[in-house]
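Beneath this line is the structure, given in structure tokens, with notes to follow.
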Amino acid sequence: MSDILFNVGYGHFLVLAALLFLIGTAGVMIRRNALIIVMSVELMLNAANMTLLTFSRMWGDLSGHTFALIVIAVAAAEAAVGLAIVVAVFRGRRNVDVDRLTTLRH
Amino acid sequence: MRVLMLIVTMLLTLGAIDAIAPALAIADPIPAQINNKPRVAITKRSQHSDKIESKDKGMALLFWAFAAATIGGALFVVTRRNLIAAVMGMVGSFLGISAVYMMLYASFLSVIQMLVYAGAIMVLFVFVVMILNRPEDEPVAPTGRAGQAIGGLAIVYLVGRLIFMLMKVQPPNPATAVNAPAPVELPGDIVGTTERVDWGSVKAVGWDLFGPGLFVFEATSILLLIAVVGAIAIARPLHEDQDNQSEPRHTPRDEAAHADAARKVADAEATTGGHA
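The listed protein sequences correspond, in order, to chains A and B. Sequential numbering from 2 applies to the first sequence in my numbering. Sequential numbering from 32 applies to the second sequence in my numbering.
Now the structure itself:
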């Protein structure tokens, strides 16, 4: 047990990223608020970034850092567009419940 | 609550895996050797300015603290009904992630994570939360009890297997894996000389980003431009309301009062709906 506790290796970072991804997936699946779903997607992107950085460190290859930087930029673009969609949907129907969001027009 | 129980179950699974881990270590001695080798190597001091060395237990404790912050914040995002609480949990989660990046010697990415996520994106989320400003009636989608049980069991099994697999990941070169990574050789200011910069620093990442990743960088700039234009085009009202066109220009105070009245009406509807 103390080996797992005190000998932090690459597996720990990978498991942390996997748990983060799992929590993000659970949020996308069980929550109904579109805003929380966008936030959960951000969590999943961060988990992927953590995996990229872990493997980058593991192989001593800096390309992973470039990749993670690009992922952060894409996540920012995704957040902007996603939040714009959330605001547009809210303006049309006064709620952002994805279960009640069954038509494309309002 | 359900998610919390799920996490507890996963931790129990992790404990069970840990209990059977010694038997596996005996059966497979080569990873144990690999594990022992860097322990000798880490007593050496690294020769460059990266002084972080993971031989102490303090680093492990810090890792667990920041991992707890990350996971706890993520759980806050998924479980809280209050949207502002969810956003604040997300900020805590991002700060923990940033610290974990620092442990992976990704100093530049760590700072970028803190600036872009905990700074910019979260501010955007807070603004949208305050535009919406409505607590949810029922945040979690209802499903059947049998589906929950089967899904929970499947997730626990899958995550247990995943953790078991990931914990066995071994670095390709264990002798250098525990030390701080070697500095990167880059061309210096004078032609013909080389310069050693820290692994994961701004300069090292910049040389990779503007060298092999130049096309991707430019493509990302175009993507960001498209995203900005698209976000404005989507969030703008499609057409002015019919009654608004006949009236003179709206002042912001009018709009605020209008929104306030609409919210009061909606709240009244919600309360009467709750009583009915």
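Heads up, the beta-carbon is just placed ideally off N, CA and C, and yes, glycines get one too.
Quick check on residue i: does DSSP put it in helix, strand or coil?
i        : result
B/THR225 : strand
B/LEU217 : strand
A/ARG32  : strand
B/ILE57  : The predicted model places B/ILE57 with a pLDDT of 40, which falls under 50 and marks its position as unreliable; any figure quoted below should be read in that light. Helix.
A/ASP62  : coil
Using 9 Å as the limit for Cβ to Cβ distance, is residue i near chain B?
i        : result
A/LEU105 : no
A/LEU102 : no
A/ARG94  : no
A/ALA49  : no
Determine, using beta carbons only, whether residue i comes closer than 9 Å to chain A.
i        : result
B/MET145 : no
B/LEU254 : yes
B/LEU155 : yes
B/ASP239 : yes
B/MET161 : no
B/PRO202 : yes
B/GLY244 : yes
B/ILE29  : Residue 29 of chain B falls outside the range modelled here, since chain B spans only 32 to 307, and no answer is possible.
B/MET119 : no
B/SER85  : Because the pLDDT at B/SER85 is just 48, under 50, the model does not fix this residue reliably, and the point stays unresolved.
B/LEU135 : yes
B/TYR188 : no
B/LEU184 : no
B/ALA96  : no
B/GLY175 : no
If I follow the unbroken alpha helix (DSSP H) through residue i, where does it start and stop?
i        : result
A/VAL9   : Unbroken run through A/VAL9: none, as it is neither H nor E.
B/TYR132 : 114–134
B/TYR188 : 176–197
B/LEU93  : 88–110
B/GLY237 : 233–240
B/MET153 : 153–163
A/LEU105 : Premise fails: A/LEU105 is in no alpha helix (DSSP H) and is neither H nor E.
B/GLY261 : 245–266
B/LEU146 : B/LEU146 -> no alpha helix (DSSP H), and no H or E assigned at all.
Just the Cα atoms here: how many angstroms apart are residue i and residue j?
i        : j        : result
B/ALA211 : A/THR52  : 18 Å
A/VAL97  : B/ALA180 : 28 Å
B/TYR188 : A/ILE24  : 15 Å
B/PHE107 : A/ARG33  : 15 Å
B/ALA235 : B/TYR136 : 12 Å
B/ALA98  : B/LYS88  : 15 Å
B/ASN113 : B/GLY104 : 14 Å
A/ALA78  : B/SER138 : 23 Å
B/ILE263 : B/LEU140 : 28 Å
A/ALA76  : B/LEU197 : 25 Å
B/SER124 : B/VAL222 : 44 Å
B/VAL131 : A/ASP62  : 18 Å
A/ARG92  : B/ALA177 : 37 Å
A/LEU46  : B/VAL154 : 18 Å
A/THR104 : B/ARG267 : 19 Å
A/ALA18  : A/ALA35  : 23 Å
B/ARG111 : A/ASP4   : 34 Å
B/GLU249 : B/VAL259 : 16 Å
B/ASN204 : A/TRP60  : 8 Å
A/ILE31  : B/GLY182 : 12 Å
For chain D, check one thing: does any of its Cβ atoms lie closer than 9 Å to the Cβ of residue i?
i        : result
B/THR225 : No chain D appears in this structure, whose protein chains are A and B.
contact_flag[the stretch 80–87 of chain A, the stretch 31–46 of chain A] where n(CB pairs < 8 Å) is 3 or more:
yes
I want to know whether the stretch 16–35 of chain A touches the stretch 64–79 of chain A - three or more CB-CB distances under 8 Å.
no
Would the stretch 239–251 of chain B and the stretch 145–161 of chain B be scored as touching if the rule is three or more Cβ pairs under 8 Å?
no
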